[in-house]
Structures are given as structure tokens and as C-alpha cells.
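In terms of the UniProt record's numbering, the numbers along the sequence shown are unbroken and rise by one, the last being 350. First the structure, in the form of C-alpha cells, and then the observations on it.
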Amino acid sequence: MKDLDPTYIQAPEHRRDSNFIPNQPEEIRVIDLSRLDDPEDVQNVIAEIGDACEKWGFFQVINHGVPLDARQRVEKTVKTFFDLPREEKIKVKRDEVNQVGYHDGEHTTNVKDWKEVFDMYFKNPVVIPSSTDPEDEGIRLVYNKWPQFPSDLREACEEYARHAEKLAFKLLELISLSLGLPKERFRDYFKEQMSFFRINRYPPCPRPDLALGVGHHKDPDVLGLLAQDEVGGLQVRRRSDGVWFPIRPVPNALVINLGNCMELWTNDKYWSAEHRVVVNTTRERYSIPFFLLPSHDVEVKPLEELVSPKNPPRYKGYKWGKFYASRNRSNFQNQDIENIQTDDFKVVKE
Ligand code: OGA
Ligand code: NI
């Protein structure tokens, strides 16, 4: 394919070279979590995490406790799945009602992404709102979809996701401590967690100058833990000046990023950064994110402990499940309007 289907074409200001300065000396921090075993170093680690959350909303971790063989098993089985003919893959296709399984038509900010994905919720079934209507308190259950082949995909994913969830809560504790809060401060928000686990495959693309693997976006979640392979392509926008930086692949590291919930809870002290994925003409790329999401009925709004008369709440709250449902609907198809963003809930628009 030489020509690119026009649904994939990004507006000029969003393409890979816009506002991107290659070979910048500054890098996203890589934090070695084995340092937590040294009581004298724990406070330093917490301070480094806090600093990264404030300046970038992104950092990487190594020696994080998610076993390499669990990750490699997912990588191997999922590759077998993605290599199947499309007719096979769409037998477990995501639909507008049950947003799990295989999908190859995702839109981010109304442009199609150059990727295919496989999604599953961490809880099976998961409890989610039955509609986007704020008045409707109905809920429903969603069950994951698994292909018949490869038959070990489910087990590999479930095992990896259990490790990822454990690390996500560990990081959440460290982030709470970095904010001067008790380490369990956020724990109650996850009783019916809607966390989900995704595998992204970005095939080689004939026009990486025009299309993106994922267009610029902020994640709506609490925290993301992303395993990326050695190909590279993830870029993040620096908070201070909006310049895009690459997230360098580090062997066996996980890329951690804060989502909108954390930004709201901390009243903008911590940052949920815009990021995007650049593709290339020759190499496919895999990434495996685990998104930590609260229970559907959690009210996401600035924490009382973190606001004051001097630092009044910058957002009205929203019910997590409703926000997520509205957002997901707009990811599914081009709606000719920008999809719902947390900025829509800002008390003062900037
Ligand atoms: C995402 C995302 C980045 C990547 O799935 O939300 O930003 O490197 N992925 O795949
Ligand atoms: Ni993302």
C-alpha cells in the first residue's frame, strides 16, 4: 500500500515532526525500584517519583517485580493471535456495547490510529454503567472475549495482568506518600476497579509522516504501566513548554504515566501528559499497557487534603464511570466533535 487511506491523515500540527526536537539532552527519569529495599533510600525514591509526576507525568521503572517471563509469554502468544487472518481475529471483535476483544478501527481525537488492539478488563466480569446518561444509575456486567486460538492467550494475559496490578498499587502507594498522604489514601476507589489491559500492535506504515500509531491524547485513567518493545515510537509532551520528547526503550523497563484521575485528585499538582505514538515504514511495534481505573461510582474531584483557600479546586467532579463511557463512545467512531476531556470540568477555563 503506497497511498494512505485519508481517515488516517493527521492535521499538520499533530504529525510526528511538529514541535519535536530530536536529540534533546533531557530524558525521562528511569527509577530503579530495587532501591526501595534500602531503608535509607526510600525517601529519595519517593521524592524522585513526586518530581517526575509533577514535571512530566511520566517516568520509567526497572527492577519493578513484574517477571520478565510473564511478559514474554504475553508477547509470544499475542503475536500468534495478531498474525492470524483478519476473519479469525474479528470473531472476537469489540463492539459498541462490549468494548473488549480485538479492534482495528480506533479513533483518537477523531483520526484513525495506525494500529490493532486486543483489550480485556482486569475483572471478569467488570461492572460498568449501562448508559452515558448521568441520571441513569443502571449498571451492567461485561465479560472478556477470548479467541479459541491461541488457547493459552487468556492465561498468559491474566497472569501478567495480576503482576501489573500489584505493581500499580505499589506505585500508587508511593505516589500517595509523595503527596504527603497516607499510603492507602486511594485504595477504596478500586473495590470494583474497571482496570483494563491492552495489547497494541503497530504495523509498518507507508506514510509515517502523515499517520500516527496513536494520535495525541491524555489517558483518562489513574496510572498506566506500559511495556514497550525495542522499536520505540512513544513520545510525550513536556509540561513546561509543550515540546515532544521520545520515551527511549529501556530493556525490561515499564513506562509509568499518570492519567486524568490523578491530575484531578491532585488539583493539577501532578500532570497527565499528552502522548502519541509515531510509526515507521519497516518494523512492527508492540506495546502492552495496563491501565489502572477506579470503580464506576467513584467521584473524581480534587482531594480535600490538597485544596485550600489559596489553592481552590480547579475542577468540578465527575462520576468516573460516566466520564469513561462518554469517552469510549467517541473513541469508537468519528463524531465530528472533539471527545469529552477533563478540561470540560474545569472551574476556570484557561
Ligand atoms: C495508549 C498509549 C502508547 C504506546 O494505549 O493509550 O498511549 O506506546 N500507548 O503504545
Ligand atoms: Ni495513552
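We put the beta carbon where it would ideally sit given N, CA and C, even for glycine. Remember, predicted model here, so these are calculated numbers, not experimental data.
Beta-carbon proximity of Gly321 to Pro129, cut-off 7 Å:
Position 321 of the sequence shown holds residue 321. Position 129 of the sequence shown holds residue 129. The Cβ-Cβ distance between Gly321 and Pro129 falls below 7 Å.
Does the region 52 to 69 come within contact of the region 18 to 33, defined as at least 3 CB pairs closer than 8 Å?
yes
Given 8 Å, three or more beta-carbon pairs between the region 219 to 230 and the region 291 to 303:
yes
Can you tell me whether Asn252 is buried or exposed? The criterion is at least 16 other CB atoms within 10 Å of its CB, across all chains shown.
Translated into positions along the sequence shown, residue 252 becomes position 252. So Asn252 counts as exposed.
DSSP on Met120, reduced to helix/strand/coil?
Along the sequence shown, read from residue 1 onward, the residue named residue 120 stands at position 120. Three-state result, Met120: strand.
To the nearest angstrom, how far is the alpha carbon of Glu304 from that of Thr266?
Locating residue 304 in the sequence shown gives position 304, counting from the first residue. Locating residue 266 in the sequence shown gives position 266, counting from the first residue. Each residue's alpha carbon lies about 9 Å from the other.
Apply the 10 Å Cβ neighbour rule to Gln335 and answer buried if 16 or more other Cβ atoms are within range, or exposed otherwise.
The residue given as residue 335 occupies position 335 in the sequence shown. Confidence at Gln335 is low in this model, with a pLDDT of 47, below 50, so its placement is unreliable and the value that follows should be read with caution. By the neighbour-count rule (16 or more Cβ atoms within 10 Å), Gln335 is not buried but exposed.
Whole angstroms is fine: what's the gap from Leu36's alpha carbon to Asn257's?
Locating residue 36 in the sequence shown gives position 36, where the first residue counts as 1. Locating residue 257 in the sequence shown gives position 257, where the first residue counts as 1. If you take the alpha carbons of Leu36 and Asn257, they lie about 20 Å apart.
In its own chain, which residues sit with a C-beta less than 7 Å from the C-beta of Val100, not counting the 5 before and 5 after it?
Counting from 1 along the sequence shown, the entry for residue 100 is found at position 100. Closer than 7 Å at Cβ, skipping near neighbours: Arg94, Asp119, Met120, Tyr121, Val142, Asn144 and Lys145.
So, at 6 Å on beta carbons, what are the nonlocal neighbours of Gly232 in its own chain, with the 5 sequence-adjacent residues on each side left out?
Locating residue 232 in the sequence shown gives position 232, counting from the first residue. Pro249, listed in sequence order.
On the three-state DSSP scale, how would you describe Lys269?
Looking up residue 269 in the sequence shown gives position 269. It is coil, neither helix nor strand.
Answer with buried or exposed for Gly180, where buried requires no fewer than 16 other C-beta atoms within 10 angstroms of its C-beta.
Numbered from 1 along the sequence shown, position 180 holds the residue referred to as residue 180. Result: exposed.
May I ask whether a heavy atom of ligand 2 can be found less than 6 Å away from the beta carbon of residue 351?
Because the chain here runs from 1 to 350, residue 351 falls outside it and cannot be looked at.
By Cβ distance, which residues of its chain are closer than 6 Å to Asp17, with the 5 residues on each side in sequence left out?
For the purposes of this step, residue 17 is taken as residue 17 along the sequence shown, with counting starting at 1. Once the five neighbours on either side are set aside, Asp17 has no close Cβ partner at all.
Suppose the cutoff is 7 Å on Cβ atoms and the five residues either side in sequence are ignored; what does the same chain contact list for Leu153 look like?
By one-based count along the sequence shown, residue 153 stands at place 153. Excluding residues within five positions, the ones whose Cβ falls inside 7 Å are Thr77, Val78, Phe81, Trp146 and Pro147.
Residue interval of the alpha helix (DSSP H) (run including residue 358):
Any property of residue 358 remains undetermined from this structure, which presents the chain solely from 1 to 350.
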